[in-house]
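Everything on this sheet refers to the single structure shown next.
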Amino acid sequence: MNKLAIFASGAGSNALNLIEYFKGHQSVAIDAVYCNRQDAPVIGKARAAGVKVVLFSKKDFQSEAFIRELKERGTNWIILAGFLWLVPLLMVKTWRGRIINIHPALLPDFGGKGMFGHHVHESVIKSGRSRSGITIHLVDDHYDHGETLFQATCPVMKDDTSETLASRIHLLEHKWFPVVIERYIERGSVDFSQADVDASL
Ligand code: GRF
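For reference, each letter of the sequence shown is one residue, going 2 to 202 in my numbering.
Set out below in structure tokens:
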């Protein structure tokens with residue numbers, strides 16, 4: 002069984018979507034949701050769905066004990082779903098190639114430190130680009146930097162606000178994040194054709 006730990010800091014719509022998608026899955030199980038903010042809505046959502054929640058501080062996150070605990074639980078994949086802290090190097094080394102993040106824009110543009118949530122969408126709108134999208138990528142020790150596994154795009158409308166663009170992006174995220182994770186875990190590559198991706202928009 003592939004055991005996934007989901008790391009999330011906020012609303013948790015992606016975390017919940019993953020929990021629902023992998024419920025009863027034959028080879029993938031969500032082991033727990035790890036959260037760094039005591040007041041994050043994701044906590045209640047995960048608990049209501051029957052998933053264990055682990056709250057942690059920055060000090061915990063950087064400790065070897067934290068990594069040991071994850072290993073002892075048999076965690077073999079780490080999924081960042083709206084998680085705002087940089088992953089410590091030791092963690093990257095321990096799960097190299099097995100930490101996956103979703104970013105709400107088309108990297109390498111609109112990524113890096115401080116580029117999260119509405120900041121991303123505001124920058125995209127300000128840039129005048131006619132398309133945005135999602136990037137699902139492996140994680141290394143830089144923000145939004147590891148190998149890209151998958152991208153899908155959507156239009157940016159003339160009258161978009163960061164909220165309207167965020168909801169369009171969320172639809173893409175909910176559609177693709179679970180299937181991309183599943184495909185990568187099962188086959189070691191994400192081989193959806195561009196036609197599949199375009200047809201789903
Ligand atoms: C998503 O847009 C994700 O791409 C970004 O943070 C947002 C989290 O949304 N990294 P939610 O908490 O899953 O609703």
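Note that CB positions come from ideal geometry on N, CA and C, so glycine has one too.
Count the other CB atoms within 10 Å of the CB of L17; is the residue buried (16 or more) or exposed (fewer)?
L17 is buried by the Cβ-count criterion.
For P89, three-class secondary structure by DSSP:
If DSSP states are grouped into helix, strand and coil, P89 belongs with coil.
So is H120 buried or exposed if we call it buried at 16+ other beta carbons inside 10 Å?
By the Cβ neighbour-count rule, H120 is exposed, with fewer than 16 other Cβ atoms within 10 Å of its own.
Could you pull out every unbroken alpha helix (DSSP H) segment of at least 4 residues lying fully inside the stretch 96-139, listed in chain order?
Here the runs fully enclosed are 118-128.
Classify F57 as helix, strand or coil using the three-state DSSP reduction.
Coil at F57, not helix or strand.
Do you know how far the Cα of L81 is from the Cα of F117?
Looking at the two C-alpha atoms, the distance is approximately 13 Å.
Look at A33 and V54 and say whether their C-beta atoms are less than 8 Å apart.
Cβ distance < 8 Å, so A33 and V54 count as in contact.
N15 by DSSP, collapsed to three states: which one?
In the three-state scheme derived from DSSP, where H, G and I count as helix and E and B as strand, N15 is classed as helix.
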